[in-house]
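First up is the structure itself, then whatever we jot down about it.
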Amino acid sequence: MDAENEQSAAPAAETEQTAGTRGPISRRAVIGWAGAGVALGAASVGTVAAATRHSGEPAPVKFGVEIPFYGEHQSGIATPVQDRLHFAAFDVITKDREALVRVLKEWTKAGATMAGGREVGKGTGGGLPEAPPDDTGEALGLPASRLTLTIGFGPTLFEKDGVDRFGLKAKRPEALVDLPKFRGDNLDPARSGGDICVQACADDPVVAVHAIRNLARIGMGVVNVRWSQLGFGKTSSTTPDEQTPRNLMGFKDGTHNVAGTDKDAQVQHVWVAPGDGPEWMTGGSYLVARRIRMHIETWDRTPLADQEEIIGRTKGEGAPIGKQRERDAFDPKDLPENSHVRLAHPDSNKGATLLRRGFSFTDGTDGLGRLDAGLFFLAYQRDTRKAFIPVQQALAAHDVLHDEYTQHVGSAHFACPPGVRKPGEWWGQALFG
Ligand SMILES: C=CC1=C(C)c2cc3[nH]c(cc4nc(cc5[nH]c(cc1n2)c(C)c5CCC(=O)O)C(CCC(=O)O)=C4C)c(C)c3C=C
Ligand SMILES: [Fe+2]
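All letters in the sequence shown, in the order written, are residues 1 to 433 by full-length UniProt numbering.
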């Protein structure tokens, strides 16, 4: 076994105990500083002032906070949305099922370690000088930064070109459909699909990128990065008590979303329930990722009144048209007929409800003097056939926003298994086991 993969030799619990603390903020330190009043949980941004090694200045509270890796559900879905994203879709390049299982086991250990703000394996300096370090090092000195890592399995992992590559064909969930082509789609295959995805979210972009990079490194020879997307400025929220973020069109985005505290809505709309099938997905969720290009130059020349009519909410306050305040109750039938919010609202779609968790992106220019910018739309749901697909069909048919100001250029669909409950368990255990 090479140095890079040495981490897998140690049992998970041991690895996690012996791994060095990456920054000055260890889990114990945060708990200690937080005192009794701050719980480290899914929605646990407390009032701890944390120092970073770089500045010596207190960092914003959330940077020192850790989101638990282990649990009934994967973190990164209903947990509070962080500021930054690095999303990667991987192709599995081996036919060797055992090699893939080995990577998934090593990824799980590394994921738990990084979510705890610690270095991977023996760290940046703990190994042999003759071997490359286990951890690539760029996050050394940085705290956990609320890093979450969420894994998903794409349709092609179960069957590709008619081949049952890893003996998983019979375990493919019915809900993990090949997404239909929607009106207006202009999908780039190089930005679509993937056998496995990992969504890394953190409040520090270096921490998110470091996590994906180290997983890719561990997976070398077994998986290749097919495409990846950086995101900034969350465009949704699972924490309605906080200020709603804005997307690149300048509108509050995420006002009416499934809240992290709304367990009933999550049971109904986000988590795969016992009996939904297949068994290995119980407690998991289906993820749709869409890279949506915004024609922001056209949008920026659109009068304010038209922008508000197209969205169905006011730009400043984010109130439903005809109401005063952002969170005023409204009937979507009172909004402009083809407005985005009216068309996307659950009442207009037989109750179809998504947990949205998207991010803005700008990736340079399109070569024609315009910004290549938009929304990297991420949505989790209990059954994609009853949520994203009908809502997107309605938007593709009637939404002015969809027709004139945006274009879907990338697409992927993944089955995200339930959470890893304790050290020693691994991502995909119930699927491969
Ligand atoms: C298929 C689902 C959706 C896609 C694709 C989508 C793209 C998209 N949305 C905005 C901006 C806003 N969306 C808002 C609300 C909203 N959007 C969807 C679904 C999709 N959006 C839903 C289900 C909702 C909630 C509707 C409701 O129940 O009221 C809003 C309003 C604020 C809010 O409630 O979040 C904005 C603004 C853009 C720019 C975009 C593509 C680039
Ligand atoms: Fe929307």
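Idealized CB from N, CA, C, for every residue including glycine.
Asked: Inter-residue spacing [alpha-carbon to alpha-carbon] between Asp-135 and Ala-216; Found: 12 Å
Asked: Which of helix, strand or coil DSSP assigns to Val-38; Found: Bear in mind that the predicted position of Val-38 carries a pLDDT of just 28, short of 50, making it too unreliable to give a figure here.
Asked: Local conformation of Arg-102 per DSSP, three classes; Found: helix
Asked: Reduced DSSP category for Phe-153 - H, G, I as helix; E, B as strand; rest coil; Found: strand
Asked: Rounded Cβ spacing between Ala-379 and Thr-238 (contact assumed at less than 8 Å); Found: So it is not a contact: roughly 12 Å between Cβ atoms.
Asked: Closer than 7 Å: Lys-333 CB and nearest ligand 1 heavy atom; Found: no
Asked: Three CB pairs or more closer than 8 Å across the stretch 421-429 and the stretch 67-82; Found: yes
Asked: Buried or exposed by the 16-neighbour rule on C-beta atoms within 10 Å, applied to Arg-226; Found: buried
Asked: Helix, strand or coil at Gly-250 [DSSP, three-state]; Found: coil
Asked: Classification of Lys-333 by the beta-carbon crowding that lies within 10 angstroms, buried from 16 upward; Found: exposed
Asked: Where Thr-136 falls: helix, strand or coil (DSSP); Found: coil
Asked: Buried or exposed (CB count within 10 angstroms, at least 16 for buried), Thr-406; Found: buried
Asked: Status (buried if at least 16 other CB within 10 Å, exposed otherwise) for Ala-131; Found: exposed
Asked: Outcome for Arg-325 when other beta-carbon atoms lying within 10 angstroms are tallied against a minimum of 16; Found: exposed
Asked: Outcome for Thr-365 when other beta-carbon atoms lying within 10 angstroms are tallied against a minimum of 16; Found: exposed
Asked: Alpha-carbon to alpha-carbon, Leu-128 and His-408; Found: 47 Å
Asked: Neighbourhood of Phe-90 by C-beta, 8 Å cutoff - its chain only, sequence neighbours within 5 removed; Found: Gly-194, Asp-195, Ile-196, Cys-197, Val-198, Ala-216, Gly-219, Val-223, Asn-224, Val-225, Arg-226
Asked: Asn-214 to Val-65 span [Cα, whole Å]; Found: 21 Å
Asked: Completely contained alpha helix (DSSP H) runs for the stretch 283-356, where each covers 4 or more residues; Found: 296-299, 304-311, 340-344
Asked: Contact check, Ser-411 vs Leu-179, beta carbons under 8 Å; Found: yes
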